[in-house]
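Chain order of the listed sequences is F and R. Per this note's numbering, the very first residue in the first sequence carries number 1; after that it's consecutive. Per this note's numbering, the very first residue in the second sequence carries number 1001; after that it's consecutive. Quick reminder that beta carbons are idealized off the backbone N, C-alpha and C, glycines included. Beneath this line is the structure, given in C-alpha cells, with notes to follow.
Number of protein chains: 2
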Amino acid sequence: MLNSRQMRNSWDPTQLLARRARDLLANAGPSYAPPREQVLRLAAGVPDPTVFPVEELVQTFERMLRSRGELALQYGGNQGNAELRHALAERVNRQEGLALTADNFMLTGGAAQALENVCFSLVDPGDVVICENPTFGLSIRTIRAHEGELIGIPLDDDGPLPDAFERALSQAEASGRRAKFLYVTPNFQNPTAITFSLERRLRLLDLASRHGCLIVEDDAYGDLRFEGEAVPSFYALADGRGVIRMGSYSKTIGPGLRLGWTQAQPELLQALVAMRLDMGTAPLVTYLVAEFVASGAFNGHLERVLLFYKDKRDRFLAALGEHFDGLARWRAPEGGFFVWIELPEGVSGEKIAEEAMQERIMIAPGSRFYCQDACANYMRLAFSFIAAEEIETAVSRLAKILRRNIAAQSVRR
Amino acid sequence: MLNSRQMRNSWDPTQLLARRARDLLANAGPSYAPPREQVLRLAAGVPDPTVFPVEELVQTFERMLRSRGELALQYGGNQGNAELRHALAERVNRQEGLALTADNFMLTGGAAQALENVCFSLVDPGDVVICENPTFGLSIRTIRAHEGELIGIPLDDDGPLPDAFERALSQAEASGRRAKFLYVTPNFQNPTAITFSLERRLRLLDLASRHGCLIVEDDAYGDLRFEGEAVPSFYALADGRGVIRMGSYSKTIGPGLRLGWTQAQPELLQALVAMRLDMGTAPLVTYLVAEFVASGAFNGHLERVLLFYKDKRDRFLAALGEHFDGLARWRAPEGGFFVWIELPEGVSGEKIAEEAMQERIMIAPGSRFYCQDACANYMRLAFSFIAAEEIETAVSRLAKILRRNIAAQSVRR
Chain F
1 MLNSRQMRNS
11 WDPTQLLARR
21 ARDLLANAGP
31 SYAPPREQVL
41 RLAAGVPDPT
51 VFPVEELVQT
61 FERMLRSRGE
71 LALQYGGNQG
81 NAELRHALAE
91 RVNRQEGLAL
101 TADNFMLTGG
111 AAQALENVCF
121 SLVDPGDVVI
131 CENPTFGLSI
141 RTIRAHEGEL
151 IGIPLDDDGP
161 LPDAFERALS
171 QAEASGRRAK
181 FLYVTPNFQN
191 PTAITFSLER
201 RLRLLDLASR
211 HGCLIVEDDA
221 YGDLRFEGEA
231 VPSFYALADG
241 RGVIRMGSYS
251 KTIGPGLRLG
261 WTQAQPELLQ
271 ALVAMRLDMG
281 TAPLVTYLVA
291 EFVASGAFNG
301 HLERVLLFYK
311 DKRDRFLAAL
321 GEHFDGLARW
331 RAPEGGFFVW
341 IELPEGVSGE
351 KIAEEAMQER
361 IMIAPGSRFY
371 CQDACANYMR
381 LAFSFIAAEE
391 IETAVSRLAK
401 ILRRNIAAQS
411 VRR
Chain R
1001 MLNSRQMRNS
1011 WDPTQLLARR
1021 ARDLLANAGP
1031 SYAPPREQVL
1041 RLAAGVPDPT
1051 VFPVEELVQT
1061 FERMLRSRGE
1071 LALQYGGNQG
1081 NAELRHALAE
1091 RVNRQEGLAL
1101 TADNFMLTGG
1111 AAQALENVCF
1121 SLVDPGDVVI
1131 CENPTFGLSI
1141 RTIRAHEGEL
1151 IGIPLDDDGP
1161 LPDAFERALS
1171 QAEASGRRAK
1181 FLYVTPNFQN
1191 PTAITFSLER
1201 RLRLLDLASR
1211 HGCLIVEDDA
1221 YGDLRFEGEA
1231 VPSFYALADG
1241 RGVIRMGSYS
1251 KTIGPGLRLG
1261 WTQAQPELLQ
1271 ALVAMRLDMG
1281 TAPLVTYLVA
1291 EFVASGAFNG
1301 HLERVLLFYK
1311 DKRDRFLAAL
1321 GEHFDGLARW
1331 RAPEGGFFVW
1341 IELPEGVSGE
1351 KIAEEAMQER
1361 IMIAPGSRFY
1371 CQDACANYMR
1381 LAFSFIAAEE
1391 IETAVSRLAK
1401 ILRRNIAAQS
1411 VRR
C-alpha cells in the first residue's frame, strides 16, 4: 500500500473537473427522491406502477431470451436493434403517412439520452440554443451542460411565439453566433400541457428553415393522447428536412427500460450514431420491447394505458373543478401527465410547494421550468402517479393551502 | 405540408455539427459488423454466446419482475440501484480488503459509458490525457471526442514506463496545461494482455499523486483471471485517493446488458453522478443482475465462464505453439480474451488482416490500438468468440498467410 503521507494531502481531485462540470455543479441538480409511501406525489412525470405490464413482460422475456438470447445478450451496435427500428418506422408511417425505414431511427436510453447525444453532436461552447420558456427542466440542464447558451421564448395557447423566435434567431446572428436548434415539446407540452397548433408549427418551421436552424422535437408524451386529433409532427410537416424528433417508451411501458429513440434523415442520423461512445442501448431491453411490439402486446397495452390515464385525468379535472374554481386557472390537457395551474398574480408557486411539502404533498413550482424570466405564479401538477382514490384528498388539501396564500396576499395588498 | 421550395435547398443540417463531431467523423469510427456465420472472428473482444446464462436469466427475470416490477420498470436515479451497488462493494471488499459501501459506486452503461462520463466530467478541450500506447481503440476515440489531447506512453512487460509517464506529465505542465488523468487497462491489458506488476503500479501512483493527476483504471476484463494471483488494483493501493476504477458485466454475463460501474471516493463520484444526463442505467437490467448476484447464480456462472475461457485459451495457445512457432512471438495471458502477437520486423499486421479477411478470418491489426507512433508489426487475436473446434483451422490458416508474408519480406530485403 502507498503510505498516505506519500500522497499530497492538499490535493483535491474535484479540482480537476471540466468547466462544464463546475458550472453544472454550481446549480442544484435534479435530486432523485425514492418513492415515499406517505407522500402524495404530484411533482414529477412518473407513471403509475399499477399499469406496468408485468405478466406480459415476464412471458415476452422468456420467449424472447430462449429464441434470441445470442443477440439480446451480445453487443448490438450504436444504432441499435434493426427489428425495433423497423417497427418504429412502420408505426410512424401509419400515424403520419410517411415512408420512413429503420435507417431513420437510432435507439437511445430514453428521450433524455437522445437529447444528450444531440447536444454532444451539435453544440459547441457558446452556441445558441433556443427553447420554449417554460420547458422540461432536465432538457435545460442538458443543453447548459454542453455549454449551449439558451434563449427562451414565451408560449401562448398555440405554442412558442413566432416573433420571439425570430428575434432570438436574429439576436444569435447579430452576436456572430449560430442558433443550432429550437428545442420544443409540441404535444402536451412540458410543463404547460398545451399542444402546438398546425399553423404555429408551420410558421416556426418556416422561420427555422430560413435561418438554417434545426428543430429538435421531443415527443416523449406524444403517444399519450386521450382525445382529439393528433397534429402532424414538425418532422412530418418538413418531410424530415432540418428536424430531429425523439420519442420514448418511458410513459407507455416504463421508464425502467431506459428506452427511447431519435428519428432523423439518414445522413444526419449517421452523424448522431457515430457520436455514441457507449456501444449503444442495451440489446436485452431492445429485443424485449421488439418482441413485445411484434406480438401485438404493446398495442393492447397502450389501449389500456390510455384509458387508465384518461380516467385519472378526468378525476383530477373534476377535483380541480370542485376545489380550485375561482382560485386559479387551468386548461384541460388532451393527453400527457400534467395540468398547468395559473395562480393569482402575487401568489408564489414555490411557497405553495413548500407548504404542500409540509402537508406531505409534492408538487412542482412553475418557476423550475424557466431558463430565464421565471414566472412565479404557476405550478405543474402531475396526475399520473397519484392513486386515483387519493386525488380528491390531495387537490382539496392543495386548495386549502392556495386559499390561505391568496388571503395572505390580499392582506399584503 | 411545407412547400419544399420554401426550404432553402442549399441548407445542409450536417453543417451544424459541433467541432468535436466534425473532428470525430473525419476519422473512421468503429463500424459494427453483425455476426457473419461464414467468418472466423478473432478481431473483437466479444464473448461466446454459448456460455450466456439464458435459462438462469429467464428464471431470475420472472422472479425479479413479479416481486420488484414497481422498481424495475420505474425511474431509478442517476447513481442506480443501491442493492447492486451494495453487492459490488461487498465483492470488492472481499477481493481487496477494502471497506467500500454502495456510496462508492455508480452504475453505467458498461465500462464504455463509464469512461464517457469521466471524460465529460473532467476533460476540457485541450486538456491532456495520458494513456497506455497501445490501448483500447474506443477509449482513444472517447477521449478525443471530448477534445482531450492524448499522450501515449509505451509499455514493457510490467506496464507503462514510468519515465515516459513522468515526461508526459512534465510536457503537459511545460505547455501550461493540466494532465487530467492517466488511462490504463491494468489487468490482461487491451491489447497486449500483460498485467501490470505491483511495483509498477506503485511507481505510477506515486508519480500521478505528485503531479495531481488522476488514474482512471478500466478493469473491464479484471474478473476473467484464469490462473495466477490477482495484483491489487490502483484503487486499493491508493485507498481510493486520486483513482477512478471501472468495471463491467459485459464479459462475465453479456454485453447486451450494457451494464458496468464506476468506483470512486464519494465526493468525486457525486460529481460524476451529477453529470449523468440520461436519467441513469436501466433499472430493468440492474434489478435483474442484482437478483442474479443475490441468488448466488452469478458466482456459479462465473466459475463456469472461467473454465470455459481458460479451455479456449489453452487450445488457442496450443494451436499457436504448433503453427506459429518460429514465425512470431507472444506471451501466454493469465486472463482476458486476447493474445498479442509480435510479427517479425517489416511484416505488417494490416496486410495480414487484409489477407486474412480474404480467407474469411477477421483479426485486429495492432496498429489500430495506438494513439501515436503506431507499431506496424503486431496483431491482436481474440480467442473468446471463435468456436473451440475452429481454432485449429483459423490459426493454421493464419500461419500460412504469415509464412507467405515473411517470405515476401525476405525477398524484398
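Asked	Found
Would you kindly check if the distance between the Cβ of residue 162/F and the Cβ of residue 203/F is under 9 Å?	yes
Along the segment 1249 to 1279 of chain R, what residues have a CB closer than 7 Å to any CB found in chain F?	1254, 1255, 1256, 1257, 1258, 1267, 1268, 1271, 1274, 1275, 1277, 1278, 1279
Taking only runs that begin and end inside the segment 1071 to 1147 of chain R, name each unbroken alpha helix (DSSP H) of 4 or more residues, in chain order.	1082 to 1096, 1110 to 1122, 1137 to 1145
Using the C-alpha atoms, what's the distance from residue 1335/R back to residue 1401/R?	27 Å
Can at least three beta-carbon pairs, one atom from the segment 45 to 63 of chain F and one from the segment 300 to 320 of chain F, be found at a separation below 8 Å?	yes
Is residue 321/F helix, strand or coil by DSSP?	helix
For residue 344/F, write down the residues that DSSP places opposite it in a beta bridge.	In DSSP, residue 344/F forms no bridge with anything.
I need the DSSP call for residue 1042/R, collapsed to helix, strand or coil.	coil
Who does residue 262/F pair with in a DSSP beta bridge?	106/F, 246/F
So residue 326/F and residue 349/F are supposed to be a Cβ contact under 8 Å. How far apart are they, rounded?	Between residue 349/F and residue 326/F the Cβ distance is about 18 Å, and since that is not below 8 Å, they are no contact.
Work out the CA separation of residue 112/F and residue 258/F for me, nearest whole Å.	9 Å
Verify whether the separation of the beta carbon atoms of residue 120/F and residue 338/F is less than 9 Å.	no
Counting only beta-carbon atoms, is residue 1043/R nearer than 9 Å to chain F?	no
Using a Cβ-Cβ distance cut-off of 9 Å, determine whether residue 1370/R contacts chain F.	no
Where residue 389/F and residue 38/F are concerned, what is the direct C-alpha to C-alpha distance, given to the nearest angstrom?	14 Å
Beta carbons nearer than 7 Å to chain R: which residues of the segment 57 to 87 of chain F have them?	57, 58, 61, 62, 65, 66, 69, 70, 72, 73, 74, 75, 76, 77, 78
For residue 1179/R, which beta-bridge partners are listed by DSSP?	1128/R
Cα-Cα, which of 1164/R, 1175/R, 1109/R, 1317/R is closest to residue 1149/R?	1175/R
Let's see if you can read the secondary structure: which residues bound the alpha helix (DSSP H) around residue 1207/R?	1198 to 1210
Classify residue 357/F as buried or exposed, calling it buried when 16 or more other Cβ atoms lie within 10 Å of its own Cβ.	exposed
Taking only beta-carbon atoms, is residue 358/F less than 9 Å away from chain R?	no
The segment 1177 to 1210 of chain R: which residues have C-beta closer than 8 Å to a C-beta of chain F, in chain order?	1178, 1180, 1181, 1202, 1205, 1206, 1209, 1210
Report yes if the C-beta distance between residue 141/F and residue 27/F is below 9 Å; otherwise report no.	yes
Where residue 6/F and residue 1398/R are concerned, what is the direct C-alpha to C-alpha distance, given to the nearest angstrom?	A caution first: residue 6/F carries a pLDDT of 45, below 50, which makes its placement in the model too unreliable to give a value.
Report yes or no: is there a C-beta of chain F within less than 9 Å of the C-beta of residue 1287/R?	yes
Tell me, please, whether the segment 101 to 108 of chain F touches the segment 266 to 283 of chain F by the rule of three or more beta-carbon pairs shorter than 8 Å.	yes
Say whether chain F places a C-beta atom closer than 9 Å to the C-beta of residue 1120/R.	yes
Taking CB distances under 9 Å as the criterion, tell me whether residue 1006/R reaches chain F.	Low confidence applies here, because residue 1006/R scores a pLDDT of 45, under 50, leaving its location unreliable and the question unanswered by this model.
What does residue 1116/R touch in chain F if you count any residue whose Cβ is under 7 Å from its own?	277, 278
Looking at C-alpha atoms only, which residue of 1085/R, 1116/R, 1110/R, 1115/R is the closest neighbour of residue 1101/R?	1085/R
Name, going along the chain, the residues of the segment 1306 to 1336 of chain R whose beta-carbon falls closer than 9 Å to a beta-carbon of chain F.	none
Does residue 357/F come out as helix, strand or coil in the three-state DSSP assignment?	helix
Which residues in chain F have a C-beta closer than 9 Å to the C-beta of residue 1283/R? List them in chain order.	254, 255, 256, 257, 258
Determine which residues share a DSSP beta bridge with residue 304/F and list them.	None, per the DSSP bridge assignment.
Report, in whole angstroms, the separation of the C-beta atoms of residue 386/F and residue 394/F, which I expect to be a contact under 8 Å.	6 Å
Assuming residue 276/F contacts residue 78/F (C-beta within less than 8 Å), just tell me the rounded distance between them.	4 Å
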